[in-house]
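Here's the structure, in structure tokens; my notes come after.
Number of protein chains: 2
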Amino acid sequence: MKGQLFLIPTPLAEETHQKVIAPSVIDTVRNIRHFICENSRTARRFVSSLKVHPSIEVLTFDVLNKDSKPESLPFLFAPILQGEDMALMSDAGCPGVADPGALAVAFAHENNIKVVPLVGPSSLLLALMASGLNGQQFAFHGYLPIDTQQAIASIKRLEHESREKNQTQIFIETPYRNNALMTHLLRSLRGDTRLCVAVNLTSQEERIESKDISQWNKQAIQFDKVPAVFLFLANS
Amino acid sequence: MKGQLFLIPTPLAEETHQKVIAPSVIDTVRNIRHFICENSRTARRFVSSLKVHPSIEVLTFDVLNKDSKPESLPFLFAPILQGEDMALMSDAGCPGVADPGALAVAFAHENNIKVVPLVGPSSLLLALMASGLNGQQFAFHGYLPIDTQQAIASIKRLEHESREKNQTQIFIETPYRNNALMTHLLRSLRGDTRLCVAVNLTSQEERIESKDISQWNKQAIQFDKVPAVFLFLANS
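Protein chains in written order, with this note's numbering: chain A, 1112 to 1347; chain B, 1112 to 1347.
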């Protein structure tokens, strides 16, 4: 009899687990001894913060990150194949969304291991909810290209698609490049395209602004080094 | 001084609020007297279930649904414009995602009302996490066309796009049409396209299956009258 794979969301911001973590997550972590995580330091800290294990020394935290190879999966899954439940955790937010966790989930399905997703924070979803943009049709594109010309071409293509499909476009950026991305967006998008930027979600410093490019252009931009989600919807 | 608009997620399945609702939702609802909701019956029942108000008779529940007109918004927002915090609630899941709530959120941004999204259940996000499909690029398309020929054309177009962009395609269906949609999917998609169906999420009857079309074709399909999310990823 195989164990089950629980997908455990983790907090997006420091010191928020008591606000954002649902009871089922705490009850599940209590019964898990083996964790597959994107980052073992943040995973240990999160599990410790829940105070459901007398000691975390007896727990195992194995890493599955963007550099992991599919060949490592049978080793990572050894406990579950022997009947123990396991948990998959992202560095922040929901495993399998904007992180490398899908590799483990796909392996579970291929091996007839039951997958149980638990409710928790997702910066993409919170940003979409709070954007006021179309939540009936939307697409997440990950990161835009780093090269300036390619980034601008990509923004214009996504704006065209947004107008054609009435689709909200969602993407993220490495925090130190946020301001460069904002410059590209403000220069490339049409004045009546609506842009939302959501930063520091769930934290005391949360800030969510959603307005037309023509309005964004009237203010100074400062999103340096903060976790941000960008969303836009073209006026159709 | 205006109030704030809190976006309150609600449970997806009966009798699950004690498992899936985060503490910040309970703490917020405690301090809210005016609710804008998609369905006043389910909203009242959810707020009652939290047991944070001595009586729900003193609370107001005003409806914003797919038939609501933008002209009704100033009336709905009267309390917030007078300084009271308000909450926006979907029938099930997260307001503003696959529901008409974005209209209210957009109104809030236009009127400089602070929008605060809270963490909670989303069937789309849980299905994506649990699918093992690509969570780094994905798109939600709402409902496919009802007409059979149009539905099939739409499925083939989405499969082509999925292959081109390595994008997971996500959509939903009215429960009594699930089996018809499955028939279209199994007949239209390629054998090596991976399809995930996630039904009754967060409930005791939760069932999540993710496999190639060629494998789906070997089993009987029975998803009649259950809430379901459909996701597929073409083999590139």
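Glycine is no exception: its CB is placed at the ideal position from the N, C-alpha and C atoms.
Cβ separation of residue i and residue j, assumed to be a contact under 8 angstroms, to the nearest whole Å
| i | j | result |
| --- | --- | --- |
| A:Ile1143 | A:Phe1117 | 7 angstroms |
| A:Leu1175 | A:Ala1215 | 6 angstroms |
| B:Val1340 | B:Leu1235 | 6 angstroms |
| B:Ile1119 | B:Leu1229 | 6 angstroms |
| B:Phe1282 | B:Leu1255 | 6 angstroms |
| B:Ile1191 | B:Lys1113 | 6 angstroms |
| A:Gly1246 | B:Asp1210 | 7 angstroms |
| A:Ser1273 | A:Ala1345 | 4 angstroms |
| B:Leu1184 | B:Phe1218 | 5 angstroms |
| B:Met1240 | A:Pro1206 | 6 angstroms |
Residue range of the beta strand (DSSP E) that includes residue i
| i | result |
| --- | --- |
| B:Val1308 | 1305-1310 |
| A:Arg1350 | Residue 1350 of chain A lies beyond the range of chain A shown here (1112 to 1347); nothing can be said about it. |
| B:Gln1115 | Where B:Gln1115 is concerned, there is no enclosing beta strand (DSSP E), given that its DSSP letter is neither H nor E. |
| B:Asp1173 | 1171-1174 |
| A:Phe1188 | Segment: none, A:Phe1188 is in no beta strand (DSSP E) and carries neither H nor E. |
| A:Ala1154 | A:Ala1154 -> not in any beta strand (DSSP E); alpha helix (DSSP H) instead, spanning 1151-1161. |
| A:Ile1283 | 1279-1283 |
| A:Phe1251 | 1249-1254 |
| A:His1164 | No beta strand (DSSP E) contains A:His1164, which DSSP labels as neither H nor E. |
| B:Pro1181 | B:Pro1181 -> no beta strand (DSSP E), and no H or E assigned at all. |
| A:Ala1339 | 1339-1344 |
| B:Phe1146 | 1145-1148 |
| B:Val1227 | 1226-1228 |
Chain A contact for residue i (CB, 9 angstroms cutoff)
| i | result |
| --- | --- |
| B:Ala1241 | yes |
| B:Ser1233 | yes |
| B:Val1216 | yes |
| B:Val1131 | yes |
| B:Val1340 | no |
| B:Asp1210 | yes |
| B:Ala1219 | yes |
| B:Lys1267 | no |
| B:Ala1189 | no |
| B:Leu1175 | no |
| B:Gln1115 | no |
| B:Gly1302 | no |
| B:Phe1146 | no |
| B:Phe1249 | yes |
| B:Ala1100 | The first residue shown for chain B is 1112 and the last is 1347, placing residue 1100 of chain B beyond what the model contains. |
| B:Ala1154 | no |
| B:Ala1238 | yes |
Alpha helix (DSSP H) segment containing residue i, residue limits
| i | result |
| --- | --- |
| A:Gln1261 | 1259-1276 |
| B:Ala1203 | That residue, B:Ala1203, is in no alpha helix (DSSP H); it is neither H nor E in DSSP. |
| A:Phe1218 | 1213-1221 |
| B:Leu1236 | 1234-1242 |
| A:Ala1291 | 1289-1299 |
| A:Gln1129 | 1128-1131 |
| B:Glu1137 | Note on residue identity: the sequence assigns Ile, not Glu, to residue 1137 of chain B. B:Ile1137 -> alpha helix (DSSP H) spans 1134-1141. |
Residue i at chain B interface by Cβ criterion, 9 angstroms
| i | result |
| --- | --- |
| A:Pro1181 | no |
| A:Ser1135 | yes |
| A:Cys1205 | yes |
| A:Gly1246 | yes |
| A:Thr1313 | yes |
| A:Ser1325 | no |
| A:Glu1316 | no |
| A:Leu1351 | Because chain A is modelled from 1112 through 1347, residue 1351 of chain A falls outside the range shown and cannot be assessed. |
| A:Asp1138 | yes |
| A:Ile1263 | no |
| A:Gly1194 | no |
| A:Lys1322 | yes |
| A:Gln1330 | no |
| A:His1252 | yes |
| A:Ala1213 | yes |
| A:Leu1184 | no |
Beta-carbon proximity of residue i to residue j, cut-off 9 angstroms
| i | j | result |
| --- | --- | --- |
| B:Val1208 | B:Gln1115 | no |
| A:Gln1172 | B:Phe1251 | The amino acid at residue 1172 of chain A is misidentified as Gln; the sequence shows Phe. No, the Cβ-Cβ distance between A:Phe1172 and B:Phe1251 is not below 9 angstroms. |
| A:Gly1231 | A:Gly1212 | no |
| B:Gln1280 | B:Leu1269 | yes |
| B:Ala1309 | B:Ala1238 | yes |
| B:Lys1130 | B:Thr1313 | yes |
| B:Phe1186 | B:Ile1224 | no |
| B:Ser1321 | A:His1220 | yes |
| B:Leu1123 | B:Pro1338 | yes |
| A:Thr1153 | A:Thr1127 | no |
| A:Ser1233 | B:Ser1233 | yes |
| B:Arg1061 | B:Ile1257 | Because chain B here runs from 1112 to 1347, residue 1061 of chain B falls outside it and cannot be looked at. |
Beta-carbon neighbours of residue i, restricted to chain E and to distances below 9 angstroms
| i | result |
| --- | --- |
| A:Ile1319 | The chain labelled as chain E is not found among the protein chains of the depicted structure, namely A and B. |
Inset, instruction - Indicate whether the contact test is met: 3 or more Cβ pairs, each with one atom in the stretch 1193-1200 of chain A and one in the stretch 1295-1312 of chain A, closer than 8 angstroms. - result: Taking a cut-off of 8 angstroms for Cβ pairs, the stretch 1193-1200 of chain A and the stretch 1295-1312 of chain A do not touch, as fewer than three such pairs fall below it.
Inset, instruction - Could you say if the stretch 1329-1345 of chain A and the stretch 1290-1300 of chain A meet the contact criterion of at least three C-beta pairs nearer than 8 angstroms? - result: Judged by Cβ distances under 8 angstroms, the stretch 1329-1345 of chain A makes contact with the stretch 1290-1300 of chain A, as three or more pairs qualify.
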